[in-house]
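Chemist: One structure, pasted below without further comment.
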Amino acid sequence: MTTALRFLIVDDFSTMRRIVRNLLKESGFTEADEAEDGVAALNKLRNSKFDFVVTDINMPNMNGFQLLAEIKGDEKLKHLPVLMVTAEARKEDIVAAAQGGAAGYIVKPFTKATLEEKVTLIIKKAGL
Amino acid sequence: MDTDNTLPEPLPDGEVHQKIGALTRQLHDALKELGYADQLRGTMGELPDAQSRLSYIARLTGEAAEKVLTRVEHAKTQNDHLAAESRRMIASLVKDPVAAVAKGEIMNFLTDVEQVTKVSDEHLTEIMMAQDFHDLTGQVIARVVALAATIEQQLVQLVIQTAPPHAVTAPIEPLREHLAGPVVDPDKTPDVVTDQSQVDDLLASLGF
């Protein structure tokens, strides 16, 4: 199954962006673009149409929490589901992400099944 | 220019010990007076953490290498099997194409191909997933480098403050604050999750 939903994958490590992109493709989500930090992501989000954001937290220039706040504070972007995929495993970070409006939280290292399950669940909840 | 290359006369053992002791005391007093004693002690306290971070890197890269090699070995074995079956099939088709189809050899071979390619795809996905060590170790390396930079910064500050008045001093760059990054030692780290199920439980308890 393939869907036309367009993903933005945000991570400062190109290896991880490629892994997530390939996993999404294997799960049928073939439309994706990448950004290396929150600033580049916001720029792309404001200049192109996306349906879903998958973001790391620990990034230079603008981290994932700041990006989440920017997205949720922007009238045109706040509807976008944001899935955090991160090595940050502190409970306070997970709580902060949930309270900040994140649609899901995955800790690295993760499996293909976990990513597929969370993305599918979020899409269903968001009615995409 | 004349240079004196002769070594000074060796000091008696007791005197060397006394001089080293006096120098150590001077350094200790100077650090204390300048307020660096606590700062340096704090930094030194982070060294065992750096050690466990480096161990984490060694472990993660080792595991990734093992995982990739195991998957490659399995995939190569299956590939060899497929290559042998292909050769056998070609020989069978050349010998008697009708019999090859009639006996179901072709169908069996194609079923085999489908199964092997499916398993190969799983191997390739796992090999790809094993590359996540780059991201995780990269973050940990960055933290160890930051620690080295802190020690360097403190030593530079010490040099600047103890330099003669006419010496040139360089401005000190403030260090960037970091998030915690990967948990290298979950047993010794409070309030962290160790797997995805704990994340899901925590979020569920919050009503998400």
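Chains A and B, in that order, are what the protein sequence lines are. All the letters of the first sequence, read from the start, carry residue numbers 54 to 181 under our numbering. All the letters of the second sequence, read from the start, carry residue numbers 25 to 232 under our numbering. Just so you know, even glycine gets a beta-carbon here, dropped at the ideal spot from N, CA and C. Being a predicted model, the structure only gives us computed values, none of them experimental.
1. Quick check: A/LEU136 and A/ALA156, are their CB atoms within less than 9 Å of each other?
2. Do you know how far the Cα of A/LYS129 is from the Cα of A/LEU121?
3. Can you confirm whether B/LEU227, when its beta carbon is compared against all beta carbons of chain A, has any partner nearer than 9 Å?
4. Which word fits B/GLN163, buried or exposed, when buried means at least 16 other C-beta atoms lie within 10 angstroms of its C-beta?
5. Grab the span of the beta strand (DSSP E) containing A/LEU120 for me, first residue to last.
6. How many whole angstroms separate the CB atoms of A/ASN114 and A/ASP90, which I take to be in contact at a CB cut-off of 8 Å?
7. Can you say whether B/GLN220 is buried or exposed, counting buried as having 16 or more other CB atoms within 10 angstroms of its CB?
8. Thinking just about the alpha-carbon of each residue, which of A/MET69, A/LYS97, A/LEU98 is nearest to the one in A/ASN111?
9. Cα separation between A/ALA88 and A/PHE60?
10. Could you give the distance in angstroms between the alpha-carbon of B/PRO198 and the alpha-carbon of B/GLN177?
11. In angstroms, rounded to a whole number, what distance separates the CA positions of A/VAL73 and B/VAL125?
12. Could you check if A/GLU145 belongs to the surroundings of the ligand HEM, using beta carbon to heavy atom distance under 8 Å?
13. Of all the options A/LEU98, A/PHE163, A/LEU174, A/HIS132, which has the alpha carbon lying nearest to the alpha carbon of B/GLN222?
14. I'd like to know whether the C-beta atoms of B/THR85 and A/ALA142 end up nearer to each other than 9 Å.
15. Consider the Cβ of B/HIS158: report whether some Cβ of chain A lies at a distance smaller than 9 Å.
16. Can you tell me the Cα-Cα spacing of B/ALA115 and B/ARG83, whole angstroms?
17. Taking Cβ positions, are B/GLU109 and B/ASP145 nearer each other than 9 Å?
Modeler: According to the data block:
1. Residue numbering aside, residue 136 of chain A sits at position 83 when the first sequence is read from its first letter. Residue numbering aside, residue 156 of chain A sits at position 103 when the first sequence is read from its first letter. Yes, these two residues count as a Cβ contact at 9 Å.
2. For the purposes of this step, residue 121 of chain A is taken as the residue at position 68 of the first sequence. For the purposes of this step, residue 129 of chain A is taken as the residue at position 76 of the first sequence. The straight-line gap from Cα to Cα measures roughly 13 Å.
3. In the second sequence, residue 227 of chain B corresponds to position 203, counting from 1. Yes, B/LEU227 lies at the interface with chain A (some Cβ there is under 9 Å from its Cβ).
4. Along the second sequence, one-based indexing puts residue 163 of chain B at 139. With 16 or more other Cβ atoms within 10 Å, it is buried.
5. Residue mapping note: residue 120 of chain A aligns to position 67 of the first sequence, counting from 1. From DSSP, A/LEU120 is part of no beta strand (DSSP E) but of the alpha helix (DSSP H) over 117-125.
6. Here residue 114 of chain A corresponds to residue number 61 of the first sequence, with the count starting at 1. Here residue 90 of chain A corresponds to residue number 37 of the first sequence, with the count starting at 1. A/ASN114 to A/ASP90, Cβ: 4 Å. Contact.
7. In the second sequence, counting from the first residue as 1, residue 220 of chain B sits at position 196. Around the Cβ of B/GLN220, a 10 Å sphere holds 16 or more other Cβ atoms; the residue is buried.
8. Taking the first sequence and counting its residues from 1, one reaches residue 111 of chain A at position 58. For the residues A/MET69, A/LYS97, A/LEU98, the minimum Cα distance to A/ASN111 belongs to A/MET69.
9. Walking along the first sequence from the start, residue 88 of chain A turns up at place 35. Walking along the first sequence from the start, residue 60 of chain A turns up at place 7. Those two C-alpha atoms are separated by around 11 Å.
10. Along the second sequence, one-based indexing puts residue 198 of chain B at 174. Along the second sequence, one-based indexing puts residue 177 of chain B at 153. Per-residue confidence for B/PRO198 stands at a pLDDT of 47, beneath the threshold of 50, marking its modelled position as unreliable; no derived number is given.
11. Sequence index remark: in the first sequence, residue 73 of chain A carries index 20 (1-based). Sequence index remark: in the second sequence, residue 125 of chain B carries index 101 (1-based). In this structure, the alpha-carbon of A/VAL73 lies about 43 Å from that of B/VAL125.
12. This structure does not include the ligand HEM; it has no bound ligands of any sort.
13. As a working mapping, residue 222 of chain B is identified with position 198 in the second sequence. Of the candidates A/LEU98, A/PHE163, A/LEU174, A/HIS132, the one whose C-alpha sits nearest the C-alpha of B/GLN222 is A/PHE163.
14. Taking the second sequence and counting its residues from 1, one reaches residue 85 of chain B at position 61. Taking the first sequence and counting its residues from 1, one reaches residue 142 of chain A at position 89. Taking 9 Å as the cut-off, the beta carbon of B/THR85 is found no closer than this to the beta carbon of A/ALA142.
15. As a first step, residue 158 of chain B must be located in the second sequence, where it is residue number 134. True, the Cβ-Cβ gap to chain A drops below 9 Å.
16. The residue you call residue 115 of chain B lines up with position 91 of the second sequence. The residue you call residue 83 of chain B lines up with position 59 of the second sequence. Distance between the alpha carbons of B/ALA115 and B/ARG83: 48 Å.
17. Walking along the second sequence from the start, residue 109 of chain B turns up at place 85. Walking along the second sequence from the start, residue 145 of chain B turns up at place 121. Note that the C-beta distance between B/GLU109 and B/ASP145 is not below 9 Å.
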